[in-house]
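Asker: Quick one: the structure is below, questions incoming.
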Amino acid sequence: MTGNTPDRARTRFPGISSRAYEHPADRSALVALRSLSGFDVVLRKLSGLVNERSLRLMFLGGTVRVGEDQFRNIYDMVRDASYALDMPEVPELYVKQDPTPNAMALGSDHPFIVLNTGLIDLLDDEELRFVVGHEVGHILSGHAVYQTMMQILLQLGSRLAWLPLGNIGIAAIIIGLREWFRKAELSSDRAGLLVGQDLDAAKRVNMKLAGGTRLGEMSSEAFLAQAREYDAAGDVRDGLLKFLNLLGQSHPYAVIRFAEIDQWARSGEYERILAGDYPRRDDDGDASVSDEIRNAARSYRESWERTADPFVGKVRDMADAAAGAAGGLFDRFTRRDNGPTTDQN
Numbered sequence: 358m359t360g361n362t363p364d365r366a367r368t369r370f371p372g373i374s375s376r377a378y379e380h381p382a383d384r385s386a387l388v389a390l391r392s393l394s395g396f397d398v399v400l401r402k403l404s405g406l407v408n409e410r411s412l413r414l415m416f417l418g419g420t421v422r423v424g425e426d427q428f429r430n431i432y433d434m435v436r437d438a439s440y441a442l443d444m445p446e447v448p449e450l451y452v453k454q455d456p457t458p459n460a461m462a463l464g465s466d467h468p469f470i471v472l473n474t475g476l477i478d479l480l481d482d483e484e485l486r487f488v489v490g491h492e493v494g495h496i497l498s499g500h501a502v503y504q505t506m507m508q509i510l511l512q513l514g515s516r517l518a519w520l521p522l523g524n525i526g527i528a529a530i531i532i533g534l535r536e537w538f539r540k541a542e543l544s545s546d547r548a549g550l551l552v553g554q555d556l557d558a559a560k561r562v563n564m565k566l567a568g569g570t571r572l573g574e575m576s577s578e579a580f581l582a583q584a585r586e587y588d589a590a591g592d593v594r595d596g597l598l599k600f601l602n603l604l605g606q607s608h609p610y611a612v613i614r615f616a617e618i619d620q621w622a623r624s625g626e627y628e629r630i631l632a633g634d635y636p637r638r639d640d641d642g643d644a645s646v647s648d649e650i651r652n653a654a655r656s657y658r659e660s661w662e663r664t665a666d667p668f669v670g671k672v673r674d675m676a677d678a679a680a681g682a683a684g685g686l687f688d689r690f691t692r693r694d695n696g697p698t699t700d701q702n
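Numbering of the sequence shown is given in this note's numbering, commencing with residue 358 and proceeding in unit increments.
Here it is as structure tokens:
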């Protein structure tokens with residue numbers, strides 16, 4: 358249980374809802390899923406692809422389970438993260454011998470966390486605390502539900518590959534899910550910041566994931582400038598190439614995550630949550646799907662307005678022109694249906 362207190366004074370968030378930190382595009386989808394009673398239960402019964410018990414036994418047999426007697430320092434971190442986000446229980450955490458810097462949250466009934474040794478070796482304690490908080494954020498949001506959905510669709514796509522159009526439809530859905538996952542990663546980065554409450558450590562994690570341990574050879578200001586250059590790079594062709602490069606990615610690029618956590622910290626939302634102004638999970642049932650979809654649309658629109666990417670600019674212009682044309686067409690049909698109007702001046 359999460360009755361233990363953290364190792365140092367950090368703000369705790371009693372009853373916090375994951376809606377407090379979720380990216381609007383992630384939050385709208387999750388609110389919609391949560392409104393479907395029993396959806397996750399049905400999904401697990403349908404899949405047969407992800408056996409949580411089998412996964413846990415695999416890690417229990419082949420990795421090191423973190424606890425008071427093994428990797429005590431990391432155990433304290435996951436305990437503290439669970440305390441900060443007011444989790445009902447501390448998730449299990451396993452350390453896996455693997456030089457690839459990676460971490461993941463698995464399962465849905467009793468989710469658990471896996472950290473690769475490559476990530477532990479790469480990061481200092483405050484950076485690792487951010488990562489642990491990131492994974493606890495995944496668990497609080499329930500991201501494993503639609504991770505399972507994607508695995509079902511991948512399996513279904515392979516079975517339908519022989520059909521002329523079957524695999525195309527599944528591929529389109531998977532592209533959408535991957536965009537969702539990328540936004541979920543931004544959500545969990547925010548959870549990591551709420552847990553560690555150290556913005557510099559959150560930024561360093563992304564710098565190290567991009568360039569390794571030699572922070573003395575890197576600069577956070579230059580890395581942020583690099584993110585802005587990536588955003589504005591080249592012409593419409595480069596923008597299209599960036600879009601295509603992202604299609605197969607489960608995570609946003611490190612410079613994008615760096616810029617996003619910096620922007621979120623400066624937006625005022627982070628400070629409001631620290632001050633205790635955040636939605637509570639007791640009110641999750643009252644969350645409006647339509648409101649969250651509108652919030653997601655507004656978030657995309659604002660990000661499009663901020664970006665200097667010429668490809669996004671062209672897409673935005675075409676979308677605005679199409680919307681204008683559709684509106685004009687709708688007005689024409691409305692006038693035709695209602696008959697000619699007369700001036701009442």
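Note that the Cβ used here is the ideal one computed from N, Cα and C, for glycine as well.
In this text the structure is predicted, and so the values were computed from the model without any measurement.
Given a threshold of 16 other Cβ atoms within 10 Å of its Cβ, counted over all protein chains shown, does T699 qualify as buried or as exposed?
Answerer: Low local confidence applies: a pLDDT of 39 at T699 is under 50, so the model's placement there is unreliable, with the coordinate-based value given in what follows. So T699 ends up on the exposed side.
Asker: So what does DSSP say about L442, is it helix, strand or coil?
Answerer: Reduced to three states, the DSSP call for L442 is coil.
Asker: Output the distance between the C-alpha atoms of M675 and A541, rounded to the nearest integer angstrom.
Answerer: Any reading at M675 must be qualified, since the residue scores a pLDDT of 41, below 50, and its modelled position is unreliable; no value is offered.
Asker: Can you tell which of L551, I431 and A558 has the C-alpha that lies nearest to the C-alpha of S374?
Answerer: When only C-alpha atoms are compared, the closest one is L551.
Asker: Name the residue from H608, L581 and I618 whose alpha carbon lies nearest to the alpha carbon of R547.
Answerer: The candidate whose alpha carbon is nearest that of R547 is I618.
Asker: Alpha carbon to alpha carbon, how far is S498 from A632?
Answerer: Approximately 21 angstroms between the Cα atoms of the pair.
Asker: So, helix, strand or coil for Y587, using DSSP?
Answerer: Note: Y587 maps to helix in three-state DSSP.
Asker: If you draw a straight line from the alpha carbon of N563 to that of D478, how long is it in whole angstroms?
Answerer: Roughly 15 angstroms separates the two Cα atoms.
Asker: Answer yes or no: do V447 and S439 have a C-beta to C-beta separation smaller than 7 angstroms?
Answerer: Yes.
Asker: Could you give the first and the last residue of the continuous alpha helix (DSSP H) run that contains F487?
Answerer: Looking at the DSSP string, the run of the alpha helix (DSSP H) that includes F487 is D482 to S498.
Asker: If you drop the 5 nearest sequence neighbours on each side, which residues of the same chain put their C-beta closer than 8 angstroms to that of K560?
Answerer: Answer for K560: S577, F580, F615, I618 and D619, listed in chain order.
Asker: Buried or exposed: which applies to H495, given that a residue is buried once 16 or more other Cβ atoms fall within 10 Å of its Cβ?
Answerer: With 16 or more Cβ atoms within 10 Å of its Cβ, H495 is classed as buried.
Asker: Identify whether F615 lies in helix, strand or coil by the three-state DSSP scheme.
Answerer: Residue state, collapsed to three classes: helix.
Asker: Identify, in the order they occur along the chain, each residue of the same chain with its Cβ nearer than 7 angstroms to the Cβ of L566, setting aside the five sequence neighbours on each side.
Answerer: Cβ within range, chain order: P458 and A611.
Asker: By DSSP, does F469 sit in helix, in strand, or in coil?
Answerer: Correct three-state label for F469: strand.
Asker: Using a Cβ-Cβ cut-off of 6 angstroms (strictly less than) and excluding sequence neighbours within five positions of R539, which residues of its own chain qualify?
Answerer: So the list reads P609, once near-sequence residues are dropped.
Asker: If the criterion is Cβ atoms closer than 7 angstroms, does the pair V489 and L442 meet it?
Answerer: No.
Asker: Taking Cβ to Cβ, would you say F487 is nearer than 7 angstroms to G553?
Answerer: In contact: F487 and G553 (Cβ atoms closer than 7 angstroms).
Asker: Would you please state the rounded distance, in angstroms, between the beta carbons of F469 and L463? I believe it to be under 8 angstroms.
Answerer: So it is a contact: roughly 6 angstroms between Cβ atoms.
Asker: On the criterion of 16 or more Cβ atoms from any shown chain inside 10 Å, does R367 qualify as buried, or is it exposed?
Answerer: The residue is buried, with at least 16 neighbouring Cβ atoms inside 10 Å.
Asker: Rounded to whole angstroms, what's the CA-CA distance from G372 to G418? Just pull it up for me.
Answerer: Spanning the two alpha carbons is a distance of roughly 35 angstroms.
Asker: Tell me the DSSP bridge mates of I630?
Answerer: The partner list for I630 (beta bridge, DSSP) is empty, contrary to what the question assumes.
Asker: Look at the alpha carbon of R535 and the alpha carbon of D595, and state the distance between them as a whole number of angstroms.
Answerer: Their backbone Cα atoms lie some 21 angstroms apart in a straight line.
Asker: Mapping the DSSP letters down to three states, classify M575 as helix, strand or coil.
Answerer: The answer is coil: DSSP assigns M575 none of H, G, I, E or B.
Asker: Take the Cβ of H491 as the centre, count every other Cβ of all protein chains shown within 10 Å, and call the residue buried at 16 or more, exposed below.
Answerer: Buried is the call here.
Asker: My output table needs one value for Y610: the three-state DSSP class, helix, strand or coil.
Answerer: Three-state result, Y610: coil.
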